[in-house]
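Reminder that position 87 of the sequence shown reads as 87 in my numbering, one-by-one numbering, no gaps.
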Amino acid sequence: MAPFTAVLGGISIISGILRRDKWTIAAGVWGTAVTLLHIRQVTVSRDDAFAQAFGPDWENRIPPDLRRQLTTTRWRIPGRDPGPGIIQRDVIYGVNSDTQADLPADILLPPEGVPHTGVALLFVHGGAWLYGQKNIQKYPLFNTLSQQGHMIMDINYTLAPETSIMGMVSDVQQAILWLKQRAAEYDIHPDRIVLAGQSAGGHLSLLTAYSAHDPTMQALNPQGDLSVRGVISFYGPTDMITMYDQMETQFGPYANKRVGRELENLLEARGYKGKALVEGLPGFVGGTPAELPEIYRHISPMYYVGPHCPPTFLAHGTHDFLIDYHYSEQLYNALRLAGVPAVFITMPGCDHTFEGIFPRISPSAQTVAYYVERFLALMV
């Protein structure tokens, strides 16, 4: 939204000058100044974060041919969108164990003539574990990555209350195994799969990546290697017990009163999962952390942090009203203590889903995409 507010500020200044209204001029100057400050804050270089994670020579570790294809500026209008590569839609990658329903995915391959890097980005959408679906053409970043030689697989997974979080993890695991089994067909390297997701999808990506060697999680799909090369999370919850406490503080009083019941009925009448939304985590986990402490720990990525975790990229807005950015900060600190290469990028003043709002002109969306490109390039 920053470019829009900058334009509005400029219009206010011009309008104030024409009308000789000093207050309109002042409002325009103030709005423009605040917007320009925001743009400066979100587009500032984060190269130091990569140097801390991968060493001072991190850029030289990117293959030269790939490095030449990376976006060269953190923000410009309009943003880069080179157009899609080869799209395959509704490819079935597995079956959910609870519903026995097929699991579809969309696949984006590099265009003809573009050398493949062997990297596959497996994307898990957000939606509070209740909503959302795949959309391979939603983000300009996907097209940019395919032009650089990466494959993107955007999956649907089973949502609550039809399955549990463990069932969702099982779906993501099946996607990993499916990709590894077809590595030759898609010209990818089975050891270069990177998980990525937003919000609930970020949580599932982290959880699946970090628990690949956990016996309980391995038992969901014991027939193959579940490890991945790296993982990317946009504002994903990392500690479900802490998240429950936060949600209880923010929204609990409403869910437990008459307004909660009225909201539930209103949502259900409009086709939404009203009961699940109002009940929150206990509604599809099966209880509160006090009642089910082990389950909450087992569905928390923080629970699995250790030297075995793959390189991690975390991005979070400092004004996220749903998932506090300190969740990502705490995970980042734990990963650093464990010796895991980790990059943590905060976006000052940005809220939930910041990278999905007008990504072709958004300074924050383009800046985080700029660094996602580099993180993936280091996974080659």
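Think of the CB as a built atom: it goes at the ideal place given N, C-alpha and C, for glycine as much as any other residue.
Per DSSP, the bridge partner or partners of residue i
i, result
"phenylalanine 313", "Ile232, Val343"
"methionine 379", "The partner list for methionine 379 (beta bridge, DSSP) is empty, contrary to what the question assumes."
"phenylalanine 354", "According to DSSP, which records beta bridges pairwise, phenylalanine 354 is partnered with nothing at all."
"aspartate 154", "Asp106, Phe123"
Terminal residues of the beta strand (DSSP E) in which residue i lies
i, result
"glycine 197", "193 to 198"
"leucine 103", "102 to 109"
"tyrosine 93", "86 to 95"
Beta-carbon contacts of residue i that lie in its chain and below 7 Å, excluding the five residues immediately before and after
i, result
"glutamate 112", "none"
"asparagine 221", "Ser170, Gln173, Gln174, Leu177"
"tyrosine 325", "His316, Gly317, Thr318, Thr346"
"phenylalanine 4", "The pLDDT assigned to phenylalanine 4 is 48, lower than 50, so where the model puts this residue is not dependable; a value taken from the coordinates is nonetheless given after this. Result list for phenylalanine 4: empty, nothing under 7 Å."
"glutamine 133", "His125, Asn156"
"leucine 292", "Val285, Gly286"
Limits of the alpha helix (DSSP H) - the one that residue i falls within
i, result
"arginine 297", "293 to 298"
"methionine 168", "165 to 181"
"leucine 141", "140 to 147"
"methionine 217", "215 to 218"
"phenylalanine 284", "281 to 285"
"phenylalanine 54", "47 to 54"
"leucine 337", "326 to 337"
"leucine 66", "64 to 67"
Residue burial classification, residue i (beta-carbon count within 10 angstroms, cutoff 16)
i, result
"leucine 108", "buried"
"leucine 314", "buried"
"histidine 150", "buried"
"histidine 298", "buried"
"threonine 249", "exposed"
"glycine 274", "At glycine 274, the pLDDT of 48 sits below 50, so the modelled position is not reliable; the number obtained from the coordinates is stated separately. By the 10 Å Cβ count, glycine 274 comes out buried."
"valine 259", "Since pLDDT at valine 259 reaches only 42, below the 50 mark, its modelled position is unreliable, and no value is offered."
"asparagine 60", "exposed"
"leucine 206", "buried"
"phenylalanine 358", "exposed"
"histidine 125", "buried"
"threonine 216", "exposed"
"aspartate 102", "exposed"
"valine 44", "exposed"
"aspartate 90", "exposed"
"histidine 213", "exposed"
"leucine 337", "exposed"
"isoleucine 62", "buried"
"arginine 188", "Just to set this straight, residue 188 is isoleucine in the shown sequence, not arginine. The residue in question, isoleucine 188, is buried, as its Cβ has 16 or more Cβ neighbours within 10 Å."
"glycine 94", "buried"
"phenylalanine 375", "buried"
Own chain, CB closer than 8 Å to residue i, minus 5 neighbours either side, in chain order
i, result
"alanine 53", "Pro311, Pro341, Ala342, Val343"
"alanine 51", "Trp58"
"arginine 192", "Thr117, Gly118, Val119, Ala120, Arg229, Met379, Val380"
"arginine 67", "Glu59, Ala377"
"glutamine 330", "Thr238, Asp239, Met302"
"alanine 334", "Met302, Val305"
"glycine 85", "Leu108, Leu109, Pro110, Pro111, Val114, Asn143, Ser146, Gln147"
Cβ neighbours of residue i in the same chain (closer than 6 Å, five flanking residues each side left out)
i, result
"valine 114", "Gly149"
"glutamate 162", "Thr99"
"tryptophan 129", "Ala160, Ala200"
"tyrosine 370", "Thr71, Arg74"
"tyrosine 332", "Leu314, Ala342, Phe344"
"glutamine 69", "Gln148"
"serine 300", "Asp239, Met240"
"methionine 247", "Gly280"
Quiz item: How do the region 167 to 183 and the region 141 to 148 stand: do at least 3 beta-carbon pairs fall below 8 Å, yes or no?
Solution: no
Practice problem: Please determine if the region 224 to 240 and the region 196 to 216 are in contact, where contact requires at least 3 C-beta pairs separated by less than 8 Å. | Solution: yes
Practice problem: Taking 8 Å as the threshold, find out whether the region 174 to 191 comes into contact with the region 356 to 365 through three or more Cβ pairs. | Solution: no
Practice problem: Flag this pair as touching only if the region 151 to 159 and the region 62 to 78 have three or more C-beta atom pairs under 8 Å; answer yes or no. | Solution: no
Practice problem: Specify whether the region 318 to 325 and the region 346 to 358 touch according to this definition: at least 3 beta carbon pairs, one from each stretch, less than 8 Å apart. | Solution: yes
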